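So the sequence shown is numbered by UniProt numbering: it starts at 1 and just counts up by one. Every residue, glycine too, gets a C-beta built ideally from N, C-alpha and C. Quick caveat, the model's predicted, so the values are computed rather than measured. Accompanying notes for the structure given below.
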Amino acid sequence: MRLSRLSRTTLAIVAGAILVIVYVPLGVVLVNSFSTSTSLSWPPPGFTLEWWQRAFQSAGAMEAVGTSVFVAIIATAIALVLGTLISFALQRFDFFGRHTVNLLVILPIALPGIITGIALNNFFRTIMGVPLSIWTVVIAHATFCIVTVFNNVIARLRRTGTKLEEASADLGAGVWTTFRLVTFPQLRSALLAGGLLAFALSFDEIIVTTFTAGSGVTTLPIFILNNMFRPNQAPIVSVIAVVLVLVSIIPIWLAQRLSGDEQQRR
């Protein structure tokens with residue numbers, strides 16, 4: 001499809017405007033993390049590394065980072081197992097209600113976070129009678145992390161088909177041998193990409209976390225929210241926000257590279 005010069009110019013302007021709206025505020029946060037002003041006045045009166053040093057020496061911030069990493073790792077592990085199993089069930093088997101199950105699996109990522117948070121809060125406290133803790137946060141994060149793994153794995157299964165697995169079975173290989181030598185190597189990059197995306201999604205989630213975390217559980221996004229308007233904490237929050245952006249970008253970039261490399265090999 002060929003676009004006219006006017007269409008290309010219009011698309012370029014719109015795309016440029018969207019990128020400016022998204023990334024200029026992030027640039028302001030980055031600059032403010034080096035500002036000498038405690039109230040984030042603009043333009044910055046001076047530049048300093050003091051806030052970066054204080055942020056990495058903050059016991060609360062470091063504890064929040066550890067909590068976020070722990071929750072993201074466990075939620076990602078659960079999502080990898082369940083998301084992969086669901087992908088195989090929906091792609092390799094035909095049964096009544098398969099399309100409905102497919103919709104229900106994908107639905108958590110489409111629902112507003114506040115709806116998911118309220119529903120899970122009611123489920124844990126009212127139906128199950130379970131006190132909110134770090135494990136309720138893990139379960140809550142796993143519900144939407146499963147979707148990213150599921151989407152990556154089922155897309156790979158649709159592309160690869162079953163011919164190599166059938167050939168392996170014809171040659172006498174068992175189910176686990178076929179999975180280890182044939183199926184898993186084909187899914188490896190999809191699993192890694194899905195896992196990285198799930199980790200990034202869990203690490204910076206705040207809405208669902210707010211509704212499912214106990215009083216003693218503080219993830220990094222909650223730490224930022226709690227300290228944003230405290231006196232002299234704004235520059236430290238800016239530092240943590242910059243670190244959070246970097247931590248979120250790296251898994252997404254790696255996932256894109258893995259997907260691109262896989263497509264090139266094919």
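Residue i classed as buried or exposed, judged by whether at least 16 other C-beta atoms fall within 10 angstroms
i: threonine 183; result: buried
i: glutamate 166; result: exposed
i: threonine 67; result: buried
i: tryptophan 42; result: exposed
i: phenylalanine 96; result: exposed
i: leucine 187; result: buried
i: serine 61; result: Sequence inspection shows alanine at residue 61; the serine mentioned does not correspond to that position. Result: buried.
i: isoleucine 127; result: exposed
i: phenylalanine 124; result: buried
i: valine 105; result: buried
i: proline 108; result: buried
i: isoleucine 154; result: buried
Beta-carbon spacing of residue i, residue j below 8 Å
i: threonine 116; j: alanine 198; result: no
i: threonine 210; j: isoleucine 222; result: yes
i: glycine 161; j: glycine 83; result: no
i: leucine 132; j: alanine 213; result: yes
i: leucine 111; j: leucine 196; result: no
Assumed close pair residue i, residue j - CB separation to whole angstroms, cut-off 8 Å
i: phenylalanine 150; j: isoleucine 86; result: 6 Å
i: alanine 72; j: serine 202; result: 4 Å
i: isoleucine 236; j: alanine 64; result: Rounded, the Cβ-Cβ distance is 12 Å, inconsistent with contact.
i: leucine 26; j: glutamine 91; result: Not really, about 38 Å apart at Cβ, beyond 8 Å.
i: alanine 190; j: threonine 178; result: That pair is no contact at about 17 Å.
i: valine 245; j: serine 33; result: Valine 245 to serine 33, Cβ: 11 Å. No contact.
i: valine 242; j: valine 29; result: 6 Å
Identity of the residue in the options nearest residue i by Cα
i: isoleucine 252; options: Ile146, Leu192 and Leu132; result: Leu192
i: threonine 219; options: Gln57, Ala12, Pro112 and His141; result: His141
i: glycine 46; options: Val31, Gln57, Gln53 and Ala59; result: Val31
i: valine 208; options: Arg188, Ile240, Gly113 and Ala200; result: Gly113
i: valine 81; options: Asn152, Gly16 and Ile109; result: Asn152
i: serine 215; options: Trp135, Ala12 and Ile74; result: Trp135
i: aspartate 204; options: Val137, Leu187 and Ala173; result: Val137
i: threonine 48; options: Leu254, Val22, Ser35 and Phe70; result: Ser35
i: alanine 75; options: Arg8, Gly129, Ile146 and Gly60; result: Ile146
i: alanine 79; options: Gly172, Val243, Ala200 and Val24; result: Ala200
i: asparagine 227; options: Val69, Leu103 and Ser58; result: Ser58
i: alanine 77; options: Ile139, Thr9 and Gln53; result: Ile139
i: valine 217; options: Ile118, His99 and Val69; result: Val69
i: isoleucine 118; options: Glu50, Thr9 and Ile206; result: Ile206
Any C-beta of chain B under 8 Å from that of residue i
i: leucine 107; result: Chain labels in this structure do not include chain B; a single protein chain is all it has.
The ligand NAD heavy atom lying under 7 Å from the CB of residue i
i: alanine 17; result: Questions concerning the ligand NAD fall outside what the structure shown contains, since it holds no ligand whatsoever.
Identify every run of the beta strand (DSSP E) within the region 134-214, keeping only runs that are complete inside it and at least 3 residues long; order them along the chain.
The region 134-214 contains no whole beta strand (DSSP E) run of 3 or more residues.
Ordered list of beta strand (DSSP E) runs contained in the region 59-127, each at least 3 residues
Within the region 59-127, no complete beta strand (DSSP E) run reaches 3 residues.
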